[in-house]
Amino acid sequence: MLGPVLDPVATDNSLPSKAEVVIVGGGIIGVSTALFLAERGVQVVLCEKGALGGEQSSRNWGWVRVMGRDRREIPLAMAALKIWDTLDARVGGETGFRRSGILYVSENERDIANRDAWLTHARHHGVDSRQIGPDETQSRMAGATTRYKGALFTPSDGRAEPQKAVPAIAAGARRAGAQIVTGCAVRGVERSAGRISAVITEKGRIETATVVLAGGAWSRLFCKGLGIRLPQLKVRNTVLRTTPVDGGPEGAGATASYAYRKRLDGGYTIADGGANLHPIAPDSFAFFRDFQPARKAEGEAVQVGVSAQSWRELFEIASVPLDRPGAFERHRILDPRPDPRSALRAFAEARKVFPALRHTAPLQIWAGLIDVTPDAVPIISHAENVPGLTIATGFSGHGFGIGPGAGHLVADLVTGDRPIVDPANFRLSRFSDGTPLEIAPPV
47 MLGPVLDPVA TDNSLPSKAE VVIVGGGIIG VSTALFLAER GVQVVLCEKG
97 ALGGEQSSRN WGWVRVMGRD RREIPLAMAA LKIWDTLDAR VGGETGFRRS
147 GILYVSENER DIANRDAWLT HARHHGVDSR QIGPDETQSR MAGATTRYKG
197 ALFTPSDGRA EPQKAVPAIA AGARRAGAQI VTGCAVRGVE RSAGRISAVI
247 TEKGRIETAT VVLAGGAWSR LFCKGLGIRL PQLKVRNTVL RTTPVDGGPE
297 GAGATASYAY RKRLDGGYTI ADGGANLHPI APDSFAFFRD FQPARKAEGE
347 AVQVGVSAQS WRELFEIASV PLDRPGAFER HRILDPRPDP RSALRAFAEA
397 RKVFPALRHT APLQIWAGLI DVTPDAVPII SHAENVPGLT IATGFSGHGF
447 GIGPGAGHLV ADLVTGDRPI VDPANFRLSR FSDGTPLEIA PPV
């Protein structure tokens, strides 16, 4: 496995015969949902086919931000930040969360104009984001030798540790009463009188009337088996981790050629936000029209090509009977081959700007597959044609920071409690009810 090493966490060895809620997927959305449901006294079991946080939840940049989000996500991102503030105490563990600020560095007048445009619709939410000039930008990029035109700066945004957060939240969920079983693929669901009546796992059947699908990049395949059209594609991004170093910038920031985030271990997470690859697969053609507006808006931000993932998905088109192993058991963890050239290029650019980074070396390079929707906004929604199913997926590279807020919202939908934010913008039906697709402009 090429991915990062996660903190160890204890899990359960056996399945219950029944549960009030079954969660499919053990990334940050799944474990956060389990935490909030268990805290409300709901009998919940989470099934993860591989390892908790083994895919994109541990492979992301570790940013926890409101800044730059689509207007529809801002309220949920703000709610998530408040949860992050108390999360370590809540779960009795270390997630690495720190409110250390984030910078979107401006290199030209177009960057400044794009960020002004975002601020016009973000300010009424009460965000503390602001445009700063060259002097303050340089002072907030400690040790930087390059003088930029300015930056969009949000002091209340933060960072956390992807390899620590999911294990810590999972441990907290178990202490609150949730059962969490790993190495346990959910093959599909049984229905009675049109409603969900059970889930079928490789380890047995669990009687339940309520299922939460938090399967990340696997959600499309799971929904296909239920006759649900879920427009979702996969995008690969590569990340580099450095050795620890004294000095260097705190917090996190991004320019056109590199992004950085100070790690709890003293090193940095480095990536190139523009080096993304969509592996061509059967779904690329099935959802071609759905993603055309985003493709035009993104320009060169996402490249298209053939990878091992492309060939693998050719053999996962047909559904498999629930009494037989399928793709969820054949592929426990999505572990795509990284693009070291893009990561090392970003690292080289960062070292030009920050002399402190010249005393570091690459320690590890990995890649993850991001679950993307046509408008890059998540789906957090009941599935209208499958009563009892709630879907939380398509976080489009925003899921780590927004995860605890999303978990809270999913728990609200499942229990019927007052939602932490209005879920209307996250409904699945927006892709089929004739609503014009809204694509956020670049920030």
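For the sequence shown, the numbering used here gives the first residue as 47, with consecutive numbering after it.
Ideal Cβ positions, reconstructed from N, Cα and C, are used throughout, including at glycine.
Quick caveat: nothing in here was measured; it's all calculated off a predicted structure.
Burial check for residue 101: the Cβ neighbour count within 10 Å reaches 16 or more, so the residue is buried. Taking the C-beta atoms as reference points, residue 246 is found nearer than 8 Å to residue 234. In the structure shown, residue 308 adopts extended strand secondary structure according to DSSP, grouped into three states. About 6 Å separates the Cβ atoms of residue 439 and residue 425, confirming a contact at the 8 Å cut-off. 199 is the residue among 199, 382 and 431 whose C-alpha sits nearest the C-alpha of residue 184. Between the alpha carbons of residue 63 and residue 162 lies a gap of roughly 55 Å. Rounded to the nearest angstrom, the Cβ distance from residue 280 to residue 415 is 4 Å, consistent with a contact under 8 Å.
For the 8 Å CB-CB criterion, residue 375 and residue 231 form a contact. As the crow flies, the alpha-carbon of residue 251 is around 19 Å from that of residue 80. In summary, residue 71 is buried, with 16 or more beta-carbon neighbours lying within 10 Å of its beta-carbon over all protein chains present.
In this structure, DSSP gives residue 143 a state outside helix and strand, which the three-state scheme calls coil. Between the beta-carbon of residue 488 and that of residue 160 there is about 5 Å, and that keeps the pair under the 8 Å contact cut. Take the alpha-carbon of residue 365 and the one of residue 236: they are about 15 Å apart. Between the C-alpha atoms of residue 338 and residue 461 there is a straight-line separation of about 36 Å. Looking at the DSSP output, residue 284 sits in a beta bridge with 413. In the DSSP assignment, residue 184 falls within the unbroken alpha helix (DSSP H) covering 180-186. Segment contact: the region 464-476 against the region 303-321, fewer than three CB-CB distances shorter than 8 Å; contact not assigned.
The region 279-294 makes no contact with the region 171-186: fewer than 3 CB pairs, one atom from each, lie closer than 8 Å.
For residue 93, the secondary structure class from DSSP, reduced to helix, strand or coil, is strand. A Cβ-Cβ distance of about 14 Å is found for the pair residue 127 and residue 455, leaving them out of contact under the 8 Å criterion. Taken atom to atom, the span from the alpha-carbon of residue 219 to that of residue 113 is near 29 Å. Within the region 77-131, complete beta strand (DSSP E) segments of at least 3 residues are found at 90-94, given in chain order. Assignment of residue 488 by DSSP, reduced to helix, strand and coil, places it in the coil class.
C-alpha of residue 475 to C-alpha of residue 326: approximately 25 Å in a straight line.
Distances from the alpha-carbon of residue 168 to those of 116, 478, 144 and 302 put 116 closest. In this structure, residue 215 sits near residue 74, with a CB-CB distance shorter than 8 Å. Secondary structure of residue 154 (DSSP, three-state): coil. Shortest Cα-Cα distance from residue 411 to any of 95, 146 and 392 involves 392.
Residue 199 is bridged by DSSP to 149 and 176. At a Cβ-Cβ threshold of 8 Å, residue 210 and residue 142 count as neighbours. Here residue 305 is near residue 317, since their CB atoms are less than 8 Å apart. By the Cβ-count criterion, residue 208 is buried, with 16 or more other Cβ atoms from all chains shown falling within 10 Å of its own Cβ. At least 8 Å separates the beta-carbon of residue 77 from that of residue 274. Exposed is the label assigned to residue 155, since fewer than 16 other Cβ atoms lie within 10 Å of its Cβ. Assigned with DSSP and collapsed to three states, residue 321 falls in strand.
Beta-bridge annotation (DSSP): residue 426 is paired with 438.
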